[in-house]
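All remarks here apply to the structure that follows.
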Amino acid sequence: LAGEDYLDQPLRFQGQYFDAESGLHYNRHRYYDPRLGRYLTPDPVKLAGGLNQYQYTPNPTGWVDPLGLNSNCPPPNKPGCEVPGGIGGAKVDEGEPKLPTIAHNIDPKTLKRVHTIEGKTSTRTVEDYKNKMRNGYGPTDPITVIEHDGNLYILDGHHRAAAARQTSTNVTIKLITDLKTYNGALRSIEDVLESANNVGLDRLEHRRRR
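Numbering-wise (this note's numbering), the sequence shown opens with residue 296 and increments by one.
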């Protein structure tokens with residue numbers, strides 16, 4: 296094109312449509328922010344799309360998924376196309392695909408508490424974790440969670456989760472699929488849901504200014 300003429304091309308990867316006013320990419324069900332490298336709202340298919348519900352597709356040019364049921368590129372198992380921990384060929388009538396055991400870079404605000412933390416000891420513990428997270432803390436012990444109806448409930452790691460929420464630090468989680476074999480106080484998903492529904496606010500002590 297000559298002079299000041301230009302070609303307006305609003306189409307982006309995955310069929311997204313660029314919105315010049317907001318700077319976001321419209322994807323029919325939600326918006327993608329190219330500056331953040333993530334979607335602004337969770338995946339509408341919930342955990343069937345993976346534990347990180349805000350992530351951009353790992354390979355927007357090599358994957359073909361017309362029905363939204365397969366997170367791999369065809370043909371399956373083609374060299375160079377395998378996805379570590381990927382979800383392969385989920386069928387509509389088979390329910391949700393199997394979830395990975397360990398997941399990284401999870402927003403702690405998406406994790407639901409099942410009990411409160413309170414008192415001086417808990418306050419010190421949370422403060423210690425906050426200081427570590429501000430200094431580039433890399434968690435070696437993941438927060439233990441269980442999934443139910445698209446929600447993640449904390450079984451172990453409430454102090455770390457509280458510190459992560461206060462410092463806006465993403466966390467690593469470990470998914471438990473069988474409460475009967477997990478050595479914890481909550482023995483059934485009904486116990487987990489009841490505890491989560493009745494949980495109150497954390498009662499941590501505020502540091503006094505000198």
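Glycine residues also receive a C-beta, built at the ideal position from the N, C-alpha and C atoms.
Item                                                                                                                                                                 : Value
Taking 8 angstroms as the cut-off, decide whether the C-beta atoms of His399 and His453 are in contact.                                                              : no
Got a sec? Which residues, its chain only, sit under 6 angstroms from Thr336 by beta carbon, not counting five neighbours each side?                                 : Arg325
Report all residues from its chain with a CB closer than 8 angstroms to the CB of Gln311; omit the five preceding and five following residues, and keep chain order. : His320, Tyr321, Asn322, Tyr327
In angstroms, rounded to a whole number, what distance separates the CA positions of Thr420 and Leu488?                                                              : 26 angstroms
Along the chain, where does the beta strand (DSSP E) containing Ile468 start, and where does it finish?                                                              : 466 to 471
Between Pro392 and Asn493, what straight-line distance do the alpha-carbon atoms span, to the nearest angstrom?                                                      : Reliability of the predicted coordinates at Pro392 is poor, the pLDDT of 49 falling under 50, and no value is obtained from them.
At 3 residues or longer, and completely inside the segment 391 to 426: list those beta strand (DSSP E) runs for me, N to C.                                          : 397 to 401
How about Lys341 and Gln350: do their beta carbons lie closer than 8 angstroms?                                                                                      : no
Quickly, what does DSSP pair Tyr321 with across the bridge? List them, please.                                                                                       : Tyr312, Tyr326
Confirm, please, whether the CB-CB distance from Arg455 to Ile438 is below 8 angstroms.                                                                              : yes
From the DSSP output, which residues share a beta bridge with Glu500?                                                                                                : Note: Glu500 sits in no beta bridge, so no partner.
Can you tell which of Thr464, Asp497, Tyr448, Thr467 has the C-alpha that lies nearest to the C-alpha of Ile484?                                                     : Tyr448
DSSP has Ile438 in a bridge; who is on the other side?                                                                                                               : Ile468
When you compare only the Cα positions, how much space is there between Lys427 and Thr435?                                                                           : 12 angstroms
For a test of the three-state rule: what should DSSP assign to Gln287, helix, strand or coil?                                                                        : What is shown of the chain runs 296 to 505, which leaves residue 287 out entirely.
Hey, Ile412 and Leu331 are a contact pair by Cβ (cut 8 angstroms); roughly how many whole angstroms apart?                                                           : Rounded, the Cβ-Cβ distance is 30 angstroms, inconsistent with contact.
Per DSSP, what kind of secondary structure is Leu342 in: helix, strand or coil?                                                                                      : helix
Among Ser317, Leu496, Asp338, whose alpha-carbon lies nearest the alpha-carbon of Pro329?                                                                            : Ser317
Take Val466 as the anchor and find which of Thr476, Ala315, His501, Ile397 has the nearest alpha-carbon.                                                             : Ile397
From the DSSP output, in three-state form, read off Asp486 for me.                                                                                                   : helix
Can you tell me whether DSSP reads Asn446 as helix, strand or coil?                                                                                                  : strand
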